[in-house]
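For the sequence shown, the numbering used here assigns the number 17 to the initial residue and increments by one for each residue that follows.
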Amino acid sequence: MSRLRLLIVLFFISGFAVAQESVSHLPALDEASRLFEEGKDYFSYQEPITLPPRKDHRIPIQFFFDYDCRVCSSAQDILELYSQINRDRVVLTEYPVATAKTRFSATVFYSLQALNADNLSSALLFETAEKSQYTKLSQMDNLLTWLGRQGIERNRFLQTYSSEQIKQQVDEAIRLTEDYGVFTFPYVIIDGKYVLTASTLYNDDYALAVLDFLINKKQ
17 MSRLRLLIVL FFISGFAVAQ ESVSHLPALD EASRLFEEGK DYFSYQEPIT LPPRKDHRIP
77 IQFFFDYDCR VCSSAQDILE LYSQINRDRV VLTEYPVATA KTRFSATVFY SLQALNADNL
137 SSALLFETAE KSQYTKLSQM DNLLTWLGRQ GIERNRFLQT YSSEQIKQQV DEAIRLTEDY
197 GVFTFPYVII DGKYVLTAST LYNDDYALAV LDFLINKKQ
């Protein structure tokens, strides 16, 4: 938290209001690219996070999400589209938001990864966008029933879910959530410096333009 500038306050004051504007109120993209402002369209860490250098020189985009998130599914679609279009420039990595008291999303996410069912994580992200569905599927019996319909065997999932390997991955997710100061979701970090939140990631054209603007700043 302390890493982010005090301009984060602006996020709470105006961020969600911005997200309610219709696409028609957005400026044309060539005009918008000149208007993007720190504290309005994106934030910056005062002290950028030091990331391991990449041999391919692609810029890392780190996407923190939670299954209990109305915007996360659309944000994922935007980020995947951008990374596919710019696969020679960027690399996208997903991380579940986790705290010592909220380990559910991270445990489910890493369990599905271990079972080579990453596609089900995206499906679950979409399925739980509504609060009522998240409340339902956050109950293990309901989740197991849903996973069973997707072809995931109950006992296999439970064994993976309870494994030491998954516990260690969740502990690492907790550390990253704390170290990166993730205070909301979706939360996107570009090259350890720039941050995008729901106030930017709610709209395809707007988010893609801001992403391009920031990636160009880094190159």
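Cβ atoms here follow ideal geometry from the backbone N, Cα and C, with glycine treated the same way. Note that the structure is a prediction, hence the values are computed from the model and not measured.
Quick one: Cα of Y218 to Cα of L212, how far?
Cα to Cα, Y218 sits roughly 11 Å from L212.
Any idea which residues DSSP pairs T109 with across the strands?
Q78
Pop quiz: L140 and Y83 are said to be a contact at Cβ under 8 Å. What is the actual Cβ separation, rounded to whole angstroms?
6 Å
Roughly how many angstroms separate the alpha carbons of T123 and K233, rounded to a whole number?
35 Å
Can you give me the C-alpha to C-alpha distance between Y231 and D195, rounded to a whole angstrom?
A quick correction: the sequence has Ile, not Tyr, at residue 231. Roughly 23 Å separates the two Cα atoms.
Is there contact between the stretch 110–127 and the stretch 73–93, where contact requires at least three CB pairs shorter than 8 Å?
Verdict: yes, contact present.
Short of 7 Å in beta carbon distance, which residues of its chain neighbour V198, apart from the five on each side in sequence? Order them along the chain.
F80, V113
Does the contact criterion of 3 or more C-beta pairs under 8 Å hold for the stretch 185–195 versus the stretch 162–176?
no
First and last residue of the alpha helix (DSSP H) that includes V226?
220–234
For the alpha helix (DSSP H) that V276 lies in, which residues bound it at each end?
This structure gives no information on residue 276, because the portion of the chain shown stretches from 17 to 235.
Is it a yes or a no for the stretch 59–75 touching the stretch 102–109, going by three-plus beta-carbon pairs under 8 Å?
With the cut-off at 8 Å, the stretch 59–75 and the stretch 102–109 touch.
Checking the sheet assignment: what are the DSSP bridge partners for V211?
F59, I205
Comparing C-alpha positions only, which one of Y222, L136, R119, P69 sits nearest to I190?
R119
From Q129, Y210, S215, pick the residue whose C-alpha is nearest to that of P64; which is it?
Of Q129, Y210, S215, the residue nearest in Cα terms is Y210.
List, from N- to C-terminal side, the alpha helix (DSSP H) runs of 4 residues or more that fit wholly inside the stretch 108–157.
120–130, 134–143, 147–153
Got a sec, what are the start and stop residues for the alpha helix (DSSP H) N171 sits in?
170–177
Go through its chain and collect everything with a Cβ distance to T94's Cβ below 7 Å, but skip five positions before and after it.
It should be noted that the sequence gives Ile, not Thr, for residue 94. Same-chain partners within the cutoff: L217, D220, A223, L224.
Hey, how far is the Cα of L67 from the Cα of Q149?
36 Å
For E53 and A145, I'd like the C-alpha separation in whole angstroms.
29 Å
Can you pull the DSSP bridge partners for E54?
Y58
If you check the beta carbons only, do Q78 and I205 fall under 9 Å apart?
Result yes, Cβ atoms of Q78 and I205 sit closer than 9 Å.
If you run the structure through DSSP and keep just helix, strand and coil, what is Q166?
coil
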